[in-house]
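Undergrad: So the protein sequences, as listed, match chains A and B.
Read in my numbering, the first sequence has 118 at position 128, and its numbers run on one by one without any break.
Read in my numbering, the second sequence has 187 at position 197, and its numbers run on one by one without any break.
There are 2 protein chains.
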Amino acid sequence: MPKQVQIGVDGWVGYRPDIKILDCSVRDGGLVNDHAFSDDLVRAVYEADRDAGVDYMEVGYKASRKIFSPSENGPWKFCGEDDLRRVLGENPSNLKISVMADAERTDYHEDILPKEKSVIDVVRVACYINQIPVAMDMVKDANDKGYETMLQLMAVSVVPESEIKAALEIAARCPVQAVYIVDSFGSLYSEQVRDLTKMYLEFLAPAGKEVGFHGHNNRQLGFANTVEAVIAGANRLDATISGIGRGAGNCQLELLIGFLHNPKFRQRPILQCCRDVFVPLSKEMDWGYSIPYAITAQLNQHPRAAIKFSAGKTPQDYVAFYDQMIEEE
Amino acid sequence: MPKQVQIGVDGWVGYRPDIKILDCSVRDGGLVNDHAFSDDLVRAVYEADRDAGVDYMEVGYKASRKIFSPSENGPWKFCGEDDLRRVLGENPSNLKISVMADAERTDYHEDILPKEKSVIDVVRVACYINQIPVAMDMVKDANDKGYETMLQLMAVSVVPESEIKAALEIAARCPVQAVYIVDSFGSLYSEQVRDLTKMYLEFLAPAGKEVGFHGHNNRQLGFANTVEAVIAGANRLDATISGIGRGAGNCQLELLIGFLHNPKFRQRPILQCCRDVFVPLSKEMDWGYSIPYAITAQLNQHPRAAIKFSAGKTPQDYVAFYDQMIEEE
């Protein structure tokens, strides 16, 4: 188990140098606008992350052009090298660039180039429990090509413990650097986050791998649960600026940096990016906590019903939504 | 220590029958509009709480008319019997009516009537640490008059532990039924909430008194911290509909009821009140999480600077606010 950070009523006397933040504003936020963010926005997030001492910036997906049409999706769905270089140049900074590769939605053999030809540093493989075999092959492929690799096992709140353990046993033997607990439905409470973090560490720490946490804000627990994961020993933390993300969004990066005492992190560049980019953006794009997302989380369900409802004509008839969801249970 | 509620990845198999909810929407929300809520709003909250199985509804303050002008404050600043009866009648329900009495701001000897002449059930005395002596006299006065009494020791995040313990020792000997941990600045993290809850219980449980928690949502931890207090043994929980309250507001009642499994609580009447009353109200009144409140919380300060800033012309220049606050540190 990693050393615990000192947290208590007597003060905040320590920090854990191993903690690393990944800002997935552009990747997770891209789920709201089909990955069509402007170059200016992506560059603004890059500069804010770089100046704030954030460790990783996730710019988007490496999605298959055979499955997803480039005419219906913006550049950050595919993260081609030309698009990346147009915005990031050769990335002359310490900020590492991450892309997400969804199992069964990525032509990884062809589309993920050898590391030396790419501005990408990290491939994060995302999968559901039944996709672990293909995910392992994707991790191996990216690792062989020279990338740092991470694994996102999604929707753990509906996976039996025994199956999570089986997946962790497999992950512990593969060349992945970190495995994330992913609260896809925003349905986990703090005690569950602590138990899961300890379970992940039990399998992964002996193999020298880190545990990460990716929360959602359906019940305003995105930040709170990330703090609990830290306390339980998770060293890899996902967050987004202004909490941008699909539906209720994610853990707010500005709150997370306010919590962490690691002197390398700075809050001010993120606040500046909130003010200059995300406040104006929030007038055009819709994300953040609202009651329908709390209801799907409470039922431990994917937020798709809440997303559909929130886009409809009566997004504030919470009672109708509640009745509909209870009816369907 | 009270029996712990069963919370874990294996299920939600239990509940703690001793848990009681106090809805302070009208009292804490009144801090935003000088306690000038319409009779219709107060009645709608009353009916929602009654139907939802909420235990207490706090309607306002028993403020001194010598200190606060009735022409500058609405009726819920004073909670006169005429105003109460106009809206609640004789309160023919199980929902208990609470008022808050601030130490040194209440003419309690005169304004708090004998219980048999009042529709009020509970007097909650609020004080700072230096006001404990007067608060104890107020508790005694209300108890002697026949009321249930509770104590809110405010701003505990800036009170030395030794002084909190001294106050708890005194409170344990007075006729109060419950003492609340009050996170006035919204600055407490979960570990602090757990430690404080245990400390309060250590002094109060042997005397047969309950521990309560009143959170604020400055860092989106209002609900999360309330859950932590429950887990640590707090049985008295404050919340407000739609999280209404001064500044960043409070723990959302609708989320809290979604968390608690006590079968007497029902979520639907609260969602209905959100839809019919608080969504329209939110277009006129301003409350809820925003970055300036997160910054004052991070600095463990009263939110007054954030309130002032948020009412100004450039409420979203978070960087200017951050610089100003850091400068003043």
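All C-beta atoms, glycine included, are put in the ideal place defined by N, C-alpha and C.
Quick caveat, the model's predicted, so the values are computed rather than measured.
Closest Cβ-Cβ distance between Q314(B) and chain A: below 8 Å?
TA: Not one chain A Cβ lies under 8 Å of Q314(B).
Undergrad: Tell me whether the segment 168 to 186 of chain B and the segment 208 to 224 of chain B touch, counting them as touching only if at least three CB pairs, one residue from each stretch, are closer than 8 Å.
TA: With a cut-off of 8 Å, the segment 208 to 224 of chain B and the segment 168 to 186 of chain B count as touching, because enough Cβ pairs lie within range.
Undergrad: For the segment 184 to 216 of chain B, which residues have a CB atom closer than 9 Å to at least one CB atom of chain A, in sequence order?
TA: So the close ones are D185, L186, M189, N207, R209, Q210, L211, G212, F213, A214 and N215.
Undergrad: Applying the 10 Å Cβ sphere with the 16-neighbour rule, what's the burial state of I57(B)?
TA: It counts as exposed.
Undergrad: Taking Y46(A) as part of the beta strand (DSSP E), name the residues at either end of that continuous run.
TA: Its beta strand (DSSP E) spans residues Y46 to Y51.
Undergrad: CA-CA distance, C164(A) and K105(A)?
TA: Each residue's Cα considered, the two are about 19 Å apart.
Undergrad: In whole angstroms, give me the CA-to-CA distance for W66(A) and A91(A).
TA: About 12 Å.
Undergrad: With contact counted as at least three CB pairs below 8 Å, one residue from each stretch, are the segment 231 to 243 of chain B and the segment 17 to 32 of chain B in contact?
TA: Cβ pair count under 8 Å is three or more, so yes.
Undergrad: List the endpoints of the continuous alpha helix (DSSP H) containing Q142(B).
TA: Q142(B) -> not in any alpha helix (DSSP H); beta strand (DSSP E) instead, spanning E138 to L143.
Undergrad: Where E151(B) and Q242(A) are concerned, what is the direct C-alpha to C-alpha distance, given to the nearest angstrom?
TA: So the two alpha carbons sit approximately 31 Å from each other.
Undergrad: Just checking: is the beta-carbon of L261(B) within a distance shorter than 8 Å of some beta-carbon in chain A?
TA: Yes - at least one Cβ of chain A is within 8 Å of the one on L261(B).
Undergrad: What does Y308(B) reach in chain A if we use C-beta pairs closer than 7 Å?
TA: Under the 7 Å cutoff, chain A gives L261, C264 and R265.
Undergrad: Quick one: Cα of L245(B) to Cα of N133(A), how far?
TA: When rounded, the distance between both Cα atoms is 43 Å.
Undergrad: Hey, is G302(B)'s beta-carbon within less than 8 Å of any beta-carbon in chain A?
TA: Not one chain A Cβ lies under 8 Å of G302(B).
Undergrad: For the segment 164 to 173 of chain A against the segment 137 to 147 of chain A, do three or more pairs of beta-carbon atoms, one drawn from each stretch, fall closer than 8 Å, so that the two count as touching?
TA: Yes, the segment 164 to 173 of chain A touches the segment 137 to 147 of chain A.
Undergrad: Do you know offhand how far Y279(B)'s Cα is from D111(A)'s?
TA: Each residue's Cα considered, the two are about 35 Å apart.
Undergrad: Kindly give me the distance between the Cβ atoms of L211(B) and G205(B), rounded to whole angstroms, as I take these residues to be in contact under 8 Å.
TA: So it is a contact: roughly 7 Å between Cβ atoms.
Undergrad: Taking only the alpha-carbon atoms, compute the straight-line gap between A222(A) and Q262(A) and give it to the nearest angstrom.
TA: Using only the alpha carbons, I get a separation of about 31 Å.
Undergrad: Here's the rule I'm using: 16 or more other beta-carbon atoms within 10 Å means buried, otherwise exposed. How should M(-9)(A) be labelled?
TA: Because the pLDDT of M(-9)(A) is 34, which lies under 50, any placement of that residue in the model is unreliable, and the question is left without a value.
Undergrad: Cβ of L245(A) less than 8 Å from any chain B Cβ?
TA: Interface residue, yes.
Undergrad: So, with DSSP's three-state summary, where would you put I11(A)?
TA: Of the three classes helix, strand and coil, the one that applies to I11(A) here is strand, per DSSP.
Undergrad: What distance in whole Å lies between the Cβ atoms of G43(A) and R256(A), which are believed to be in contact at a cut-off of 8 Å?
TA: About 6 Å; that satisfies the 8 Å criterion.
Undergrad: Per DSSP, what kind of secondary structure is F203(B) in: helix, strand or coil?
TA: Reduced to three states, the DSSP call for F203(B) is strand.
Undergrad: Kindly list the residues whose CB is nearer than 6 Å to the CB of S300(B), restricted to its own chain and excluding five residues on each side of it in sequence; keep chain order.
TA: If we look at S300(B) and ignore the five residues flanking it on each side, its Cβ neighbours are P282.
Undergrad: If the cut is a Cβ gap below 9 Å, which residues of chain B does A284(A) touch?
TA: In chain order: Q242, E244, L245 and G248.
Undergrad: Name, please, each residue of chain B whose Cβ falls closer than 7 Å to the Cβ of V269(A).
TA: Per Cβ cutoff of 7 Å: Q306.
Undergrad: Given a threshold of 16 other Cβ atoms within 10 Å of its Cβ, counted over all protein chains shown, does A229(B) qualify as buried or as exposed?
TA: Buried, by the Cβ-count rule.
Undergrad: How should I316(B) be labelled, buried or exposed, when 16 other C-beta atoms within 10 angstroms of its C-beta is the threshold for buried?
TA: Under this definition I316(B) is an exposed residue.
Undergrad: Leaving aside the five residues before and after A295(A) along the sequence, list all residues of the same chain whose C-beta is less than 7 Å from its C-beta, in chain order.
TA: Once the five neighbours on either side are set aside, the close Cβ partners of A295(A) are T286 and M315.
Undergrad: Could you check which residue in I9(B), A34(B), L103(B) and D18(B) has the C-alpha nearest to that of W277(B)?
TA: Closest by alpha carbon: D18(B).
Undergrad: DSSP state of M315(B), grouped into three classes?
TA: Correct three-state label for M315(B): helix.
Undergrad: Looking at chain A, is there any beta carbon in it that lies within less than 8 Å of the beta carbon of I171(B)?
TA: No, its Cβ sits nowhere closer than 8 Å to a Cβ of chain A.
Undergrad: Beta-carbon of E218(B) versus every beta-carbon of chain A: anything under 8 Å?
TA: Yes, E218(B) lies at the interface with chain A (some Cβ there is under 8 Å from its Cβ).
Undergrad: Identify the continuous alpha helix (DSSP H) that holds Y190(A) and give its terminal residues.
TA: Note, Y190(A): alpha helix (DSSP H), S180 to L194.
Undergrad: Could you tell me whether the Cβ of I297(B) comes closer than 8 Å to any Cβ of chain A?
TA: By this cut-off, I297(B) is not an interface position.
Undergrad: Could you name the residues of the same chain whose beta carbon sits closer than 8 Å to that of T187(A), not counting the 5 residues immediately before and after it, in chain order?
TA: Correct list, in chain order: I171, V201, F203, E218, A219, A222, G223 and A224.
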